[in-house]
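Novice:
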Amino acid sequence: MKPASTIWFMQCQNPGCGLRFPLDRAEFKGTYCPRCGGELQPSVPALPQSQPTAHPPANIQSLSGILDNIRSAQNVGALFRTADGAGLQKLWLCGITPNPAENAQIAKTALGAEQTVSWEYAPSTLELAEALKAEGVIILALEAAPASTSVFSYVPPIGDKAIALVVGSEPAGVDPAVLALADAVLSLPMAGSKGSLNVAVAFGIAVYFLRFGVWA
Numbered sequence: 000m001k002p003a004s005t006i007w008f009m010q011c012q013n014p015g016c017g018l019r020f021p022l023d024r025a026e027f028k029g030t031y032c033p034r035c036g037g038e039l040q041p042s043v044p045a046l047p048q049s050q051p052t053a054h055p056p057a058n059i060q061s062l063s064g065i066l067d068n069i070r071s072a073q074n075v076g077a078l079f080r081t082a083d084g085a086g087l088q089k090l091w092l093c094g095i096t097p098n099p100a101e102n103a104q105i106a107k108t109a110l111g112a113e114q115t116v117s118w119e120y121a122p123s124t125l126e127l128a129e130a131l132k133a134e135g136v137i138i139l140a141l142e143a144a145p146a147s148t149s150v151f152s153y154v155p156p157i158g159d160k161a162i163a164l165v166v167g168s169e170p171a172g173v174d175p176a177v178l179a180l181a182d183a184v185l186s187l188p189m190a191g192s193k194g195s196l197n198v199a200v201a202f203g204i205a206v207y208f209l210r211f212g213v214w215a
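Residue 67 in numbering that gives the first Met the number 0 is what sits at position 68 of the sequence shown, and the numbering runs on without skipping anything.
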């Protein structure tokens, strides 16, 4: 976020319009309303963004993400940003999932997180999951499957075991062979007419709950 002194919420002075929106006055003068052409006046400066001084303790010290054939570069970028925010150890980019070294579109939604989050490519999600499980990593899959457990009901094993969360592409979901070997299949409750969320949104909800959720 730019310094708060340069970003203001502007107010259109035309009573018939009333448009109100943020504008970086260091880059744009903001003299005329983009909706009606009326006069604009600065109302209040944007507040500076800052993190709280105290964070809740992380439940899981080693949590990684496995992206199973996520085709959209924009989604991959959003997943990188979430991984950075939640403090994930690593992202595994599998199959046809694009990577930051080859696809510049990822940076548009990652906003620099593609440079702060460790990542590695694997051609097969199944082979990767098998190898990680053999090393003692707990494999969780996020999938709306009939026998899945709500992520909000799942309690990870106590201890310092590493966990990897697998998410799949929106058309196909997680590879069924990966679901079969997963230690648990988790899902998000859906109260509306749709059966699933965008993969980046769902991943964000799940990893933040796994990392910082409060369990009874």
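By construction, the Cβ of each residue, glycine as well, lies at the ideal position given by its N, Cα and C atoms.
Let me confirm a value: residue 197 is counted as buried when at least 16 other C-beta atoms fall within 10 Å, else exposed. Which label applies?
Specialist: exposed
Novice: Can you pull the DSSP bridge partners for residue 120?
Specialist: 92
Novice: Could I get the ranges of all uninterrupted alpha helix (DSSP H) runs contained in the region 140-197, with 4 residues as the minimum, in chain order?
Specialist: 175-180
Novice: Mind checking whether residue 102 and residue 72 have CB atoms under 9 Å apart?
Specialist: yes
Novice: From the DSSP output, in three-state form, read off residue 27 for me.
Specialist: coil
Novice: Kindly list the residues whose CB is nearer than 6 Å to the CB of residue 89, restricted to its own chain and excluding five residues on each side of it in sequence; keep chain order.
Specialist: 63, 117
Novice: Just how far apart, CA to CA, sit residue 61 and residue 8?
Specialist: If you take the alpha carbons of residue 61 and residue 8, they lie about 41 Å apart.
Novice: Just grab the DSSP bridge partners of residue 38 for me.
Specialist: 31
Novice: Between the region 105-116 and the region 76-85, are three or more C-beta pairs nearer than 8 Å?
Specialist: yes
Novice: Are residue 165 and residue 173 close, meaning C-beta to C-beta below 9 Å?
Specialist: Note that the C-beta distance between residue 165 and residue 173 is below 9 Å.
Novice: Are there 16 or more other CB atoms within 10 angstroms of the CB of residue 95, so buried, or fewer, so exposed?
Specialist: exposed
Novice: Are the CB atoms of residue 139 and residue 91 within a distance shorter than 9 Å?
Specialist: no
Novice: In three-state terms, what does DSSP make of residue 62?
Specialist: Per DSSP, reduced to three states, the secondary structure at residue 62 is strand.
Novice: Have a look at residue 137 and residue 158 and give me their C-alpha separation to the nearest angstrom.
Specialist: 12 Å
Novice: Leaving out the 5 sequence neighbours to the left and right, which residues in its chain are closer than 6 Å to residue 10 when beta-carbon positions are compared?
Specialist: Closer than 6 Å at Cβ, skipping near neighbours: 19, 40, 42.
Novice: Classify residue 30 as buried or exposed, calling it buried when 16 or more other Cβ atoms lie within 10 Å of its own Cβ.
Specialist: Exposed.
Novice: Does residue 69 come out as helix, strand or coil in the three-state DSSP assignment?
Specialist: Coil, per DSSP.
Novice: Which whole-angstrom value is the C-beta distance of residue 93 and residue 123, which I expect to be below 8 Å?
Specialist: 7 Å
Novice: Quick check on residue 27: buried or exposed, where buried means 16 or more other Cβ atoms within 10 Å of its Cβ?
Specialist: exposed
Novice: Among 135, 182, 167, whose alpha-carbon lies nearest the alpha-carbon of residue 148?
Specialist: Among 135, 182, 167, the Cα nearest to that of residue 148 belongs to 182.
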